[in-house]
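This note's numbering puts the first residue of the sequence shown at 4, with every later residue one more than the last. C-beta atoms are modelled at their ideal positions from N, C-alpha and C, and glycine is treated no differently.
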Amino acid sequence: MNKFKKALAAILAVCALVSISGCTEGGSTGRPDDLIIGAGDSTNPQYYPIELSENNTVNSIRLFDAISVNKQNAMFSPISLNMALGLIEAGAGGDTKAALDSYLQTENYPDFAQRYMQLAEEKYTSEGKQNGYKNVLEIANSLWADHALSLKTDYKKLVSDKFDAEIQSVDFADKDKTLGKINGWVNKKTHKMIPTILQDYSDDTAAVLINTVYFESAWVKEWSINKDRKQAFTLFDGTVKELPLMYKTVGSYFENDSATAFGYRYKNGMEFIGILPKETGEFTLESLDIPSLLESESREYDVDAAMPTFAFDSAFSLKDALTAAGLGVIFDDESADFSGISDVSLYVSEILQKTRIELDENGTKAAAVTAIMTNGNAAPEQKERKSVELNRPFAFLIYDKNEGQILFMGKVTQP
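Next comes the structure, spelled out in structure tokens:
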């Protein structure tokens, strides 16, 4: 049997890290184990059908809610997943392309990718440092194809032109050498935040498509924190955990029927949005109606914001959740149509996401890896004050307001 018969053996390994020095009370600071990828590795439960909307933000939220059930702390990178799906959408046809377009909510993701990558380089990256942090957003893509797999010229040109993808020919039979090259590229692109992405891969693997997103920025002004002063953080079960909170008066307030939130900007123009459900107890991001919350932004208040520093790891398989969201065709070795990539029949075998976040009073660093493997100085006006204290389980976004793109979304129940 041909080694590449029906073998996109494709794996989407989305790894997102947010790393800040000095996080002491936020949780685990050790790195998660490297992903070991191969057919049949999925350990996720079965999901109920996930209805897609005409809004990719909503689709991302529904996917996150599905994979984060029963997880204490969880984080997901929509932009990295979308970029990786865009890389394979560029070579998809028929029902496979239609399914990917339905999730991404665009018929031409490559054009968006090209424009957004240019914005990242020109608008969201600047010289200099503040409080030890650079202010950058870097997006990179690569395609690693087995030397025996012939890629179509038009596809190589498309991903090179639109995604600025580096195309490498490797020998997947020589695992040590190939893994060294792939992991070395990832380590470099994530500024050593993610030293390795793969320890192994299936013998049927024909190619690996990788997206990385590296985010680093200081806050516009650092938060105040007294690490010797402990405050109460009430967990879902009523247990009170004593930990220091960061404090800041900010000018961006959000409120809908389900939640209140504050927004505070990073030096590179992105925004952190801290979201507090109005009801206590378990919640999903969809129940907080994030789209309406974002639309409710008001700058008419001085907002007394508070939140803990935190750090945690997440790891998910996305195959079952994306299948429930209508993307089952990309995993079907009989029906998947990636004929725009190669004359060899290819399909996706697994999609994994692995994340890490650390946040403190000075700024944020974040890196994401997605690998798809074939297989005025006048006296200020006095404003009404609002308060949003994240002193019980909460949600958060790292958000590009100008483009409506969510880089990271998550929830913290156990800081």
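- Note on GLU92: 16 or more other CB atoms within 10 angstroms of its CB, so buried under the neighbour-count rule.
- Under the rule that a run must span 3 or more residues, the beta strand (DSSP E) segments found entirely inside the segment 144-183 read 169-173.
- The beta carbon of VAL243 lies closer than 8 Å to those of ALA235, PHE236 and THR237 in the same chain, with the five residues before and after it left out.
- Within the DSSP secondary-structure output, LYS195 pairs in no beta bridge.
- DSSP, read as helix, strand or coil, puts GLN108 in coil.
- CA-to-CA, the gap between ASP207 and VAL189 works out to about 22 Å.
- Rounded to whole angstroms, VAL216 and ARG232 show a C-alpha spacing of 35 Å.
- Between the alpha carbons of VAL72 and ASP323 lies a gap of roughly 13 Å.
- Looking at the DSSP output, GLN234 sits in a beta bridge with LEU246.
- Listed in chain order, the alpha helix (DSSP H) elements of length 4 or more contained wholly in the segment 300-381 are 322-325.
- Where ASP68 is concerned, the enclosing alpha helix (DSSP H) starts and stops at 59-70.
- Nearest neighbour of ASN405 by Cα position, chosen from ASP307, LYS357 and MET273, turns out to be MET273.
- Secondary structure of VAL391 (DSSP, three-state): strand.
- Rounded to the nearest angstrom, the Cβ distance from LEU146 to ALA210 is 6 Å, consistent with a contact under 8 Å.
- By the CB criterion at 8 Å, VAL332 and THR99 fall inside the cutoff.
- Collapsing the DSSP output to three states places ALA398 in a strand.
- With fewer than 16 other CB atoms across the displayed protein chains lying within 10 angstroms of its CB, SER172 is exposed.
- When the Cα atoms are used, LEU182 and LEU201 turn out to be separated by approximately 7 Å.
- Distance from the Cα of LYS178 is smallest, within the candidate group ASP203, LYS195, ASP164 and TYR267, for ASP203.
- Residue environment for ALA314: buried (at least 16 other C-beta atoms within 10 angstroms of its C-beta).
- For PHE239, same chain residues with a beta-carbon under 7 Å away, outside a window of 5 residues either side, are GLY284, GLU285, PRO396 and THR416 in chain order.
- In the displayed model, GLN121 falls within a helix according to three-state DSSP.
- With distances taken between CA atoms, LYS155 lies nearest to GLY343 out of PHE175, ASP336, ALA264 and GLY343.
- When DSSP reads this structure, MET412 sits in a beta bridge with PHE79 and LEU400.
- With three or more CB-CB distances shorter than 8 Å, the segment 258-273 counts as touching the segment 216-230.
- ASN76 is classed as buried because its beta carbon has at least 16 other beta carbons within 10 Å across all chains shown.
- GLU57 and SER63 have their C-alpha atoms roughly 11 Å apart.
- Nearest C-alpha to SER390 among PHE399, LEU279 and GLN121: LEU279.
- Taking C-beta separations shorter than 8 Å and ignoring five residues to either side along the sequence, the partners of THR252 in its chain run ASP305, VAL306, ASP307 and ALA308, following chain order.
- Boundaries of the beta strand (DSSP E) around SER255: 255-258.
- In the DSSP annotation of this structure, PRO52 is not part of any beta strand (DSSP E), being labelled neither H nor E.
- Pairing SER129 with LEU140, the inter-Cα distance amounts to about 9 Å.
- Closest option to ASN365, judged by alpha-carbon separation, among ILE142, THR358 and PRO311: PRO311.
- Relative to the Cα of LYS184, the nearest Cα in the group PHE67, LEU161, ILE213 and TYR158 belongs to ILE213.
- Contact between TYR119 and GLY89 is absent: CB atoms are separated by about 10 Å, not below the 8 Å threshold.
- Residue burial is scored here from C-beta neighbours: ARG359 has at least 16 other C-beta atoms within 10 angstroms and is therefore classed as buried.
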